[in-house]
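Take a look at the structure set out below.
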Amino acid sequence: MLTAPPWGPMHGGMAINVSGPCLRPADIVKVNFENWQTTCKRLNRVRARCIMPMFHKIGMVPIRMSRDGGQSFPFYGRFYVVNSEKAVAYVSLKDSVDNKTNRWSVFQL
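Going by full-length UniProt numbering, the first residue of the sequence shown is number 1, and it counts up by one from there.
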């Protein structure tokens with residue numbers, strides 16, 4: 001079982017793609033991050049997406065994946081939980097708040 005990305009911030013809330021076994025349309029995919037179970041959305045035959053839970057620790061945690069709604073977890077891997085201060089920020093402020101300018105075009109509406 002693989003995750004993309006292979007790490008996430010300890011405050012959680014990040015979308016994680018999981019892959020490994022082939023996923024059928026009727027499969028109910030669940031992933032356990034250590035002991036926290038999350039429900040995933042099947043995206044295609046080889047990939048599902050879930051939201052990682054919040055952790056109160058950092059480091060490597062075991063993950064397990066189920067295709068039968070959580071009855072069994074035969075697929076496993078590892079996931080790295082990083083300190084929130086060291087996590088990459090996916091949103092950043094590029095413009096000065098004091099110098100506001102609209103850059104949209106009425107023709108693109």
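C-beta: ideal position from N, C-alpha, C; glycine also.
Note that the structure is a prediction, hence the values are computed from the model and not measured.
Option in the options with minimal Cα separation from residue i
i, options, result
"glycine 59", "Asn83, Arg103, Asp98", "Asn83"
"glutamine 71", "Val46, Pro53, Thr39", "Thr39"
Enclosing beta strand (DSSP E) for residue i [first to last residue]
i, result
"serine 84", "Neither: serine 84 is in no beta strand (DSSP E) and is coded neither H nor E."
"leucine 23", "Premise fails: leucine 23 is in no beta strand (DSSP E) and is neither H nor E."
Residues bridged to residue i [DSSP beta-bridge criterion]
i, result
"isoleucine 49", "The sequence shown places arginine at residue 49, not isoleucine. Asn17, Lys41."
"residue 111", "Here the chain has residues from 1 to 109 only, and residue 111 is not among them."
"proline 9", "Val82"
"tryptophan 104", "None, per the DSSP bridge assignment."
"phenylalanine 55", "DSSP output for phenylalanine 55 lists no bridge partner at all."
"methionine 1", "None, per the DSSP bridge assignment."
Proximity of residue i and residue j at Cβ, strictly below 8 Å
i, j, result
"glycine 8", "phenylalanine 75", "no"
"glycine 77", "isoleucine 51", "no"
"alanine 48", "leucine 23", "yes"
"phenylalanine 79", "proline 6", "yes"
"residue 183", "methionine 1", "With the chain represented from 1 up to 109, any question about residue 183 goes unanswered, as that position is not in the structure."
| query | Is the segment 62-71 touching the segment 26-36, taking contact as three or more C-beta pairs under 8 Å? | reply | Contact between the segment 62-71 and the segment 26-36 is present: 3 or more CB-CB pairs across the two stretches fall below 8 Å.
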